[in-house]
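Same order as they appear, the protein sequences are chains F and G. Here my numbering is used: position 217 in the first sequence is 217, and no number is missing along the way. So the mapping is simple: my numbering equals the position in the second sequence, first residue as 1, plus 1000. Positions of the beta carbon are idealized from the N, C-alpha and C atoms, including for glycine. Reviewing the structure listed below.
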Amino acid sequence: MSKNIGVIVFPGSNCDHDAYHAMKHVMNAETTFLWHKESDLSNVDLLIVPGGFSYGDYLRSGAIARFSPIMNSVVEFAKKGNPVLGICNGFQILLEAGLLPGAMLHNENLRFICKQVHIRVESTRSPFTGSMEKGQVLEVPVSHGEGNYFIEEKGLNELEQNDQIAFRYCDKDGNVTKEANINGSVSSIAGITNVEGNVLGMMPHPERAMEDVLGSGDGKLFFDSVFNRLQLA
Amino acid sequence: MYKAKINVTLRKSILDPKGKAAHHALHNLGLNNINDVRIGKFIEMDIRADTEKEAYELANTACSKLLANEVMEDFQIEIEKN
């Protein structure tokens, strides 16, 4: 069965083509751009909410995109247990939409950070992390100004208890240190899932780490995992 | 007609890096008696409503649904008659 990947495009998305390239040309999957005014996701098996600056980050990043017409369908799609991946601004949109808990603050050092980082796999429960190993270190790029993940202590405890923390920033050897926590995120969190595990939000960009020629091919693991899971479904 | 004046600020418990940077710069200016700086957003809205209470409630809904993110922000609303 061929898989249909949907990549949502908001006004101001700018990683939509990276995601499209990753899906269409690296993963060889049927891939469609979905303009934010569309609402039909009936042919979609996997949804990517890409990075960028939807609505110019006005008010807060993701705050306005969250009310785009397509978002009602995204919530419905996610509630049915289908895989949804929010990358960077896509993560911020999923937080604003309430599909994932918490919020995003400006990076602690107030700088826009654009570089390769290391993240440690904390949970393999999600369809996107199923082919990874707990403790595995991945190299992926980040590119954001508001990636300082925040959640109250109570919420953090719930994330821990429900095994919702997917990735933490770490050094190249997998040590989670203060220095490796590039943006000041609570508990060094780089990515989380919902309770069910089918929705993953992360600040690093796996879609920009799909080919060794681009510095790292580790991003491919995410899609190998989820494609594998879709195959079994 | 009413006017709503809304202040959205980061919750007290959250470090405000913009405020901290501005605070540092103010100290560099020699304004050493400034002890703390918090930076937020100011939003003004014209509201059509019959009573002040109605206008407040509308502004309150606007804040909690869109203008502020209560995970990290607080808001205060002031209503004035236009």
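Residue i bridges to which residues according to DSSP?
i       : result
G:C1063 : DSSP output for G:C1063 lists no bridge partner at all.
F:G6    : F:T32, F:L47
F:F227  : Paired residues: none, contrary to the question.
F:A103  : F:F150
G:Q1076 : G:N1007
G:D1046 : G:K1003
F:I182  : Note: F:I182 sits in no beta bridge, so no partner.
F:T124  : Paired residue(s): none; F:T124 is not in a bridge.
F:R168  : F:R120, F:I189
F:V142  : F:K115
F:M202  : F:I87, F:G191
G:K1081 : G:Y1002
F:G52   : F:S13
F:V137  : F:R120
G:K1041 : G:V1008
Could you say which of the options lies nearest to residue i if we only look at CA atoms?
i       : options                            : result
F:D18   : F:I48, F:P83, F:Q92, F:N198        : F:I48
F:T129  : F:A209, F:D224, F:E207, F:N28      : F:D224
F:V80   : F:N107, F:G62, F:M210, F:S42       : It is worth fixing the name first, because residue 80 of chain F is Lys in this sequence and not Val. Residue F:S42 is the option with its Cα nearest to F:K80.
G:K1041 : G:D1050, G:H1027, G:I1034, G:K1005 : G:K1005
G:R1048 : G:P1017, G:K1081, G:N1007          : G:K1081
F:V9    : F:Y58, F:S126, F:I70, F:M132       : F:I70
F:A209  : F:M23, F:N175, F:F112, F:S13       : F:M23
F:L214  : F:V186, F:H36, F:F150, F:E139      : F:E139
G:D1036 : G:K1020, G:D1074, G:N1007, G:V1008 : G:K1020
F:G62   : F:L46, F:V84, F:G90                : F:G90
F:H36   : F:I93, F:N82, F:P83, F:N4          : F:I93
F:Y169  : F:H118, F:P127, F:K154, F:L200     : F:H118
F:S2    : F:D16, F:A29, F:N14                : F:A29
F:G197  : F:S131, F:N175, F:D163             : F:D163
G:K1012 : G:I1039, G:K1003, G:L1031          : G:I1039
Locate the beta strand (DSSP E) running through residue i, then write down its first and last residues.
i       : result
F:N148  : 148-150
G:N1028 : Here G:N1028 belongs to no beta strand (DSSP E); instead the alpha helix (DSSP H) covers 1017-1028.
G:Y994  : The displayed coordinates of chain G run from 1001 to 1082. Any statement about residue 994 of chain G would go beyond what the structure contains.
G:L1031 : No beta strand (DSSP E) holds G:L1031; DSSP gives it neither H nor E.
F:V238  : Because chain F here runs from 1 to 233, residue 238 of chain F falls outside it and cannot be looked at.
G:I1014 : Unbroken run through G:I1014: none, as it is neither H nor E.
F:L110  : Careful: F:L110 lies outside any beta strand (DSSP E) and carries neither H nor E.
Give the interface partners of residue i over in chain G, defined as CB-CB distance under 9 Å, in chain order.
i      : result
F:F150 : I1014, V1071, M1072
F:A19  : Under the 9 Å cutoff, chain G gives no residues; its nearest Cβ is about 25 Å from F:A19.
Report the neighbours of residue i on chain G: residues whose CB is nearer than 7 Å to its CB, in chain order.
i     : result
F:L94 : None at all; the shortest Cβ gap to chain G is about 13 Å.
Just the chain F side, please: which residues come within less than 9 Å of residue i by C-beta, in chain order?
i       : result
G:K1018 : H106, L110
If I follow the unbroken alpha helix (DSSP H) through residue i, where does it start and stop?
i      : result
F:N157 : 153-161
F:A19  : 16-21
Quick one: list the residues of chain F neighbouring residue i, beta-carbon separation under 8 Å, in chain order.
i       : result
G:A1021 : L110
Would you mind telling me which residues of chain G sit closer than 8 Å to residue i, beta carbon to beta carbon, in chain order?
i      : result
F:L97  : The identity of residue 97 of chain F in the sequence shown is Ala, whereas the question assumes Leu. The premise fails here: F:A97 is roughly 12 Å from chain G at the closest Cβ pair, so nothing lies under 8 Å.
F:G102 : V1071
F:A63  : L1066, N1069
F:L156 : In chain order: nothing, as chain G lies at least about 12 Å away.
F:R60  : N1069
Alpha helix (DSSP H) segments (min. 4 residues) lying fully within the segment 58-99 of chain F: Complete alpha helix (DSSP H) runs here, min 4: 70-79, 89-96.
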